[in-house]
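Asker: Here it is: the structure, laid out below.
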Amino acid sequence: MSAGDALLRIRGLRIEGQSEDTWHEIIKGIDLDLKRGEVLGLIGESGAGKSTIGLAAMGYARPGCRITAGTIEFDGVDLARLDEAAKRKIWGARISYVAQSAAAAFNPAHQLADQFAEAPLWHGRMGADECRRAAVDLYRRLQLPTPETIGDRYPHQVSGGQLQRAMTAMAMSCRPDLIVFDEPTTALDVTTQIEVLAAIKDTIKQYGTAALYITHDLAVVAQMADRIMVLRYGELVEEAPTAQMLSNPQKAYTKSLWAVRSLRKDEERGEQPLLSVKGVSASYGAVQVLHDVSVEVPRGRTVAVVGESGSGKSTLARAITGLLPPTQGTVVFDGKPLPPALKSRSKDLLRRVQMIYQMPDTALNPRRRVRDIIGRPVKHFLGLGGAALDRRIAELLAMTELDEQFMERLPSELSGGQKQRVCIARALAAEPELIICDEVTSALDQIVAEEILKLLLRLQKELKVSYLYITHDLATVKAIADEIVVMYRGRVVQSGMKSRVLSPPHHEYTDLLLSSVPEMKVGWLDDVLARRRPGANA
Amino acid sequence: MTATPTSQLAERAPTIVRASAGQRAWRALMKAPPTAWFGLVVVTAYILIAVLAPAIAPYPETELVGNAYEEWSEVFPLGTDQLGRDMLSRLIYGARNTIGIAFVTTALSFVLGGLLGLLAVVLGGWIDQVLGRAIDVLMAIPQLIFALVLLSILGASVVNLILIIAVLDSTRVFRLTRAVAMNVVVLDFVEAARLQGEKLGWIMTREILPNILPPLVAEFGLRFCFVFLTISALSFLGLGIQPPTADWGSMVRENATLINYGDITPLLAAGAIALLTVSINFIVDWFLHKTSGLKE
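Chains as they are written, first to last, in numbering that gives the first Met the number 0: chain W, 0 to 537; chain U, 0 to 295.
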């Protein structure tokens, strides 16, 4: 196996997708070369065709898609012309796939080791005992805890990060020549992501496996890939070795991708507090999730609440909005204590605190038009009707940089960014003083997320509204926050002005969080790990 | 990049030409499979017959116009029944009575079951528990036997028939509504509505109901068949629609003896029941396939 020979050679690949009974070309003539042992990063926004290409590299087209032209030569065999039976011999054995959501890809009714063994047994690569040993070996290489026994667990008994590594182990069970990674760490927290990235990187290097690494996260791809292909609308924008691509992108689109994440806001100290959360504890049944949390949001400022999943960020939002009345402590809004339960709050109080959600897809009623979605709070809270209502809706759309044409649209006819803008417009419709933003950009592409952040900043400047901004993404925090509250396991571990929290000395957890955020430079991952290792091994 | 001024819109909507609801329905119809077409044609014919019954029936519904059990002839195309009433006319009026009563019953069971199901989901907690257990009790008793008992106690009138079957059938509707609404009520847009202080009625009818409509509409078709069959069965047993009102179930029973003489006339009423049931199922299958968004 010489490093020089080509493993995958795609030429003139064209794929069509079906929507509303007509076929549209979604991949428009892609050429791709991958050598043995090489890692190629595919990046681009959603809809760029990354996943479709990743699957096509296996000779597979999703239901509703069809490969119309081109060759997909894998080790000299054209997968596009191979029948199902022949492809099945290759899948799992020589090419395997790691999906974005490991939780959805594992069968919840079988133990991890049994699922690991499926492919090697089916392909007749190993016996059952051998499988078991191979699994333990791979679990160890991927740094899973207790590699000897973790295979006996069911998928729900391990954490998300562990499951993603178990899935990588499963993909490597037959020692494939090629693995397609489709956003394997997107659903993970930063502190978990870094471990999974390191484990994947080490293991594929040791095994000499080639990989297609699909992601929209530039900083991640910079750590993982030898070479990067930038895609847009199913076409290649540019392609170069990673270091060159980072330091010297040629095309305007690539440059704009690179410029993202550089948004910064100068912090400003707040004058009077609008919202004070004082010693709030809350629990779901017997499980206490918030322990004595105190947060203060000044008028017209942004307080970012940072922490990984399970840290109680969203529960804090629920306690403030009254969906989960606190068991202890009080929430003071504009000088007066807020009634704990939603039911006992006046219409005016409800109006003054609004919320924007993480998933714009589920935050908008799919059966109602934009006009009704935005118009309802205007009517409900401010009592406008008729032409005045229409004018206000148009105004709100304009404030969120959408034109009037959107009024008659259904949510399914909007892009992710447009949906989030409509959600923002709905919140603004009530003319609130505080908006709670729960991870509002994490489901969006980076360029779109950046636009949304700019919009939020502009609205704050114009309307003097305060944000309680919940996020796990520190780049977002830098872009939008005045003050930061770091939460860990239901407690506030550090809080203060942005510059203060982000500069050392940090609390131990803040430090871990900060150092886990991938940076856009080659070798960052190795550096961080090298710095952490001595401590970790001791 | 510089900051976008308010006047400059980042997102301009390309005008999309949206087909009207009628156009879309027509387009879907043109691509419907033959089974769906068959179902639609049959159901439309039944409805027309039911509505126009007085105009197309050769004789009145309950008038004795000939001798008992007359053969098929030009005067009585399908013969006469055990009392000498025209069979064809009774079949035609039967469509009106059986379908009409079944439709009213189903509609009532949907209003009742749907309302309780939505209430259980939106309010949750003990209300959900109490409703759920009460429905369990009702469902534990076999439906036909329960209906027979209640009809014997309360008396076999059309109103009682409709009320009893609607209540018994609403248990199934409750279960379905609760199950599908459960998936919608946890979505963020429902929470957003709650946070804006929307009332119970608004959340139920505007936020949840439109999103669970497709399975409910499909269920309506199937429930209609079941109700219709239950009514026919009850009529056959003598506790359903009472004479002299023409009804397919009782027509089968009243003329059943003819089968012994090789006369298929009583089977025509049974056939009318079967044909309608099959047709509705065809339509429901097609509708479910369309709304579930499956691609072949």
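From the three backbone atoms N, C-alpha and C, an ideal C-beta is built for every residue, glycine too.
Return the chain-ordered ranges of every alpha helix (DSSP H) run that is complete within the stretch 261 to 332 of chain W and spans a minimum of 4 residues.
Answerer: For the stretch 261 to 332 of chain W, whole alpha helix (DSSP H) runs of length 4 or above, ordered along the chain, are 312 to 320.
Asker: Assuming W:C422 and W:P376 are in contact, meaning their beta carbons sit under 8 Å apart, how far apart are those beta carbons, in whole angstroms?
Answerer: For this step, residue 422 of chain W is matched to residue 423 along the first sequence. For this step, residue 376 of chain W is matched to residue 377 along the first sequence. Not a contact, Cβ separation roughly 12 Å.
Asker: With a Cβ-Cβ cutoff of 7 Å, do W:K497 and W:A480 count as a contact?
Answerer: One-based indexing of the first sequence puts residue 497 of chain W at position 498. One-based indexing of the first sequence puts residue 480 of chain W at position 481. It is a contact, given that the beta carbons lie within the stated cut-off.
Asker: Under 7 Å between C-beta atoms, does U:Q128 make it to chain W?
Answerer: Residue 128 of chain U sits at position 129 when you count from the first residue of the second sequence. Chain W contact via Cβ: absent.
Asker: For W:I89, report the span of its alpha helix (DSSP H) as first-last.
Answerer: The residue given as residue 89 of chain W occupies position 90 in the first sequence. Counting along the chain, the alpha helix (DSSP H) containing W:I89 begins and ends at E83 to I89.
Asker: So if I threshold CB-CB distances at 7 Å, which residues from the stretch 210 to 225 of chain U count as touching chain W?
Answerer: Of all residues in the stretch 210 to 225 of chain U, N210 have a Cβ within less than 7 Å of some Cβ in chain W.
Asker: Is W:A112 near W:G150, with beta carbons less than 7 Å apart?
Answerer: Start at 1 with the first residue of the first sequence, and residue 112 of chain W comes out as number 113. Start at 1 with the first residue of the first sequence, and residue 150 of chain W comes out as number 151. For W:A112 and W:G150, yes; Cβs fall inside 7 Å.
Asker: Of the residues W:A281, W:L187 and W:D444, which one's Cα is nearest the Cα of W:R308?
Answerer: Indexing the first sequence from 1 puts residue 308 of chain W at position 309. For the sequence presented, residue 308 of chain W should be read as Ser rather than Arg. Nearest C-alpha to W:S308: W:L187.
Asker: What residues of chain W sit near U:R174, judged by a beta carbon separation below 7 Å?
Answerer: For the purposes of this step, residue 174 of chain U is taken as the residue at position 175 of the second sequence. Here the premise fails: no neighbours, minimum Cβ distance about 23 Å.
Asker: In terms of residues, what are the limits of the beta strand (DSSP E) holding W:E237?
Answerer: By one-based count along the first sequence, residue 237 of chain W stands at place 238. It spans E234 to P240 - the beta strand (DSSP E) in which W:E237 sits, taken as one unbroken run.
Asker: Can you list the residues of chain U that W:A356 reaches, using a CB-CB cut of under 9 Å?
Answerer: As a position in the first sequence, residue 356 of chain W is number 357, starting the count at 1. Correcting the residue type first, residue 356 of chain W is Tyr in the shown sequence and not Ala. Going along chain U in sequence order, the residues near W:Y356 (Cβ under 9 Å) are D187, F188, E190 and A191.
Asker: Any idea if W:A224 is buried or exposed, counting beta-carbon neighbours within 10 angstroms, 16 or more meaning buried?
Answerer: Position 225 of the first sequence, counted from the start, is the residue given in the question as residue 224 of chain W. So W:A224 counts as buried.
Asker: To the nearest angstrom, how far is it from the Cα of W:V302 to the Cα of W:E438?
Answerer: As a first step, residue 302 of chain W must be located in the first sequence, where it is residue number 303. As a first step, residue 438 of chain W must be located in the first sequence, where it is residue number 439. W:V302 and W:E438: Cα-Cα distance of roughly 13 Å.
Asker: Return yes when the Cβ of W:F380 is within less than 7 Å of the Cβ of W:A316, no when it is not.
Answerer: The residue you call residue 316 of chain W lines up with position 317 of the first sequence. The residue you call residue 380 of chain W lines up with position 381 of the first sequence. In this structure, W:F380 does not lie closer than 7 Å to W:A316 by Cβ.
Asker: Go to W:C422, then tell me how far its alpha helix (DSSP H) extends in each direction, as first and last residue.
Answerer: In the first sequence, the residue the question calls residue 422 of chain W occupies position 423. Taken as a continuous stretch (DSSP letters only), the alpha helix (DSSP H) holding W:C422 covers G415 to A428.
Asker: If you draw a straight line from the C-alpha of W:A318 to the C-alpha of U:H288, how long is it?
Answerer: Here the question's residue 318 of chain W lines up with position 319 in the first sequence. Here the question's residue 288 of chain U lines up with position 289 in the second sequence. One C-alpha to the other measures close to 42 Å.
Asker: Does DSSP put W:H23 in a helix, in a strand, or in coil?
Answerer: Position 24 of the first sequence, counted from the start, is the residue given in the question as residue 23 of chain W. Note: W:H23 maps to strand in three-state DSSP.
Asker: In whole angstroms, what is the alpha-carbon distance linking W:P410 and U:S249?
Answerer: What you label residue 410 of chain W is simply residue 411 of the first sequence in a count that begins at 1. What you label residue 249 of chain U is simply residue 250 of the second sequence in a count that begins at 1. When rounded, the distance between both Cα atoms is 52 Å.
Asker: If I follow the unbroken alpha helix (DSSP H) through U:L117, where does it start and stop?
Answerer: Here residue 117 of chain U corresponds to residue number 118 of the second sequence, with the count starting at 1. M86 to L122 is the extent of the alpha helix (DSSP H) around U:L117.
Asker: Quick one, which of W:K34, W:W22 and W:V330 has its alpha-carbon nearest W:W8's?
Answerer: Your numbering for residue 8 of chain W matches position 9 in the first sequence. One point to set straight first is that residue 8 of chain W is Arg, not Trp, in the sequence displayed. Taking only the C-alpha atoms, the option nearest W:R8 is W:K34.
Asker: Between W:D539 and W:H215, which are expected to be in contact by the criterion C-beta below 8 Å, what is the C-beta distance as a whole number of angstroms?
Answerer: Beyond the ends of chain W as shown, which are 0 and 537, falls residue 539 of chain W; an answer cannot be given.
Asker: Give me the Cα-Cα distance between W:G40 and W:A56, rounded to the nearest whole angstrom.
Answerer: Along the first sequence, one-based indexing puts residue 40 of chain W at 41. Along the first sequence, one-based indexing puts residue 56 of chain W at 57. The alpha-carbon atoms of W:G40 and W:A56 are separated by roughly 13 Å.
Asker: What are the residues that DSSP puts in a beta bridge with W:I372?
Answerer: On the first sequence, residue 372 of chain W is found 373 positions in, with the first residue counted as 1. BP columns for W:I372 are empty, so no partner.
Asker: Would the stretch 510 to 530 of chain W count as touching the stretch 185 to 202 of chain W if we require 3 or more Cβ pairs under 8 Å?
Answerer: The answer is yes - the stretch 185 to 202 of chain W touches the stretch 510 to 530 of chain W, with three or more Cβ pairs under 8 Å.
Asker: Scan the stretch 167 to 240 of chain W and note each continuous alpha helix (DSSP H) run of 4 residues or more that stays entirely inside, going in chain order.
Answerer: Counting only runs of 4 or more, we get 189 to 206 and 217 to 223.
Asker: Are there 16 or more other CB atoms within 10 angstroms of the CB of U:V74, so buried, or fewer, so exposed?
Answerer: Translated into the one-based positions of the second sequence, residue 74 of chain U becomes position 75. With fewer than 16 other Cβ atoms within 10 Å, it is exposed.
Asker: Would you mind working out which of W:Y96, W:D333 and W:H23 sits nearest W:Q271, comparing C-alpha positions?
Answerer: Numbered from 1 along the first sequence, position 272 holds the residue referred to as residue 271 of chain W. When each option's Cα is compared against that of W:Q271, the closest is W:D333.
Asker: Using DSSP bridges, identify the partner residues of W:E15.
Answerer: For the purposes of this step, residue 15 of chain W is taken as residue 16 along the first sequence, with counting starting at 1. Partner(s): W:E24 and W:R65.
Asker: With a CB to CB cut of under 6 Å and the five nearest residues on each side skipped, what residues in its chain are close to W:L467?
Answerer: Numbered from its first residue, the first sequence carries residue 467 of chain W at position 468. The residues are V296, V302 and I435.
Asker: What number of angstroms, rounded off, separates the C-alpha of U:E218 from the C-alpha of U:V172?
Answerer: The residue given as residue 218 of chain U occupies position 219 in the second sequence. The residue given as residue 172 of chain U occupies position 173 in the second sequence. In a straight line, the C-alpha of U:E218 is about 8 Å away from that of U:V172.
Asker: Taking DSSP's pairing of strands, which residues face W:M519 in a bridge?
Answerer: Here residue 519 of chain W corresponds to residue number 520 of the first sequence, with the count starting at 1. Looking at the DSSP assignment, W:M519 forms no beta bridge with any residue, so it has no partner.
Asker: Residues of the stretch 372 to 397 of chain W with a CB closer than 7 Å to any CB of chain U: list them in chain order, please.
Answerer: The residues in question are P376, H379 and A397.
Asker: Who are the neighbours of W:R366 on chain U, taking C-beta pairs under 7 Å?
Answerer: Within the first sequence, the letter at position 367 stands for residue 366 of chain W. Under the 7 Å cutoff, chain U gives P209 and N210.
Asker: Mind checking whether W:F115 and W:M171 have CB atoms under 7 Å apart?
Answerer: For the purposes of this step, residue 115 of chain W is identified with residue 116 of the first sequence, where counting begins at 1. For the purposes of this step, residue 171 of chain W is identified with residue 172 of the first sequence, where counting begins at 1. Cβ atoms of W:F115 and W:M171: not closer than 7 Å.
Asker: Less than 7 Å between C-beta atoms, sequence neighbours within five positions excluded: which residues of the same chain meet that for U:K294?
Answerer: As a working mapping, residue 294 of chain U is identified with position 295 in the second sequence. Since pLDDT at U:K294 reaches only 45, below the 50 mark, its modelled position is unreliable, and the value read off the structure follows with that caveat. Excluding sequence neighbours, U:K294 sits near nothing in its chain.
Asker: Buried or exposed, going by whether 16 or more other CB atoms sit within 10 Å of the CB of W:P183?
Answerer: The residue given as residue 183 of chain W occupies position 184 in the first sequence. Buried is the call here.
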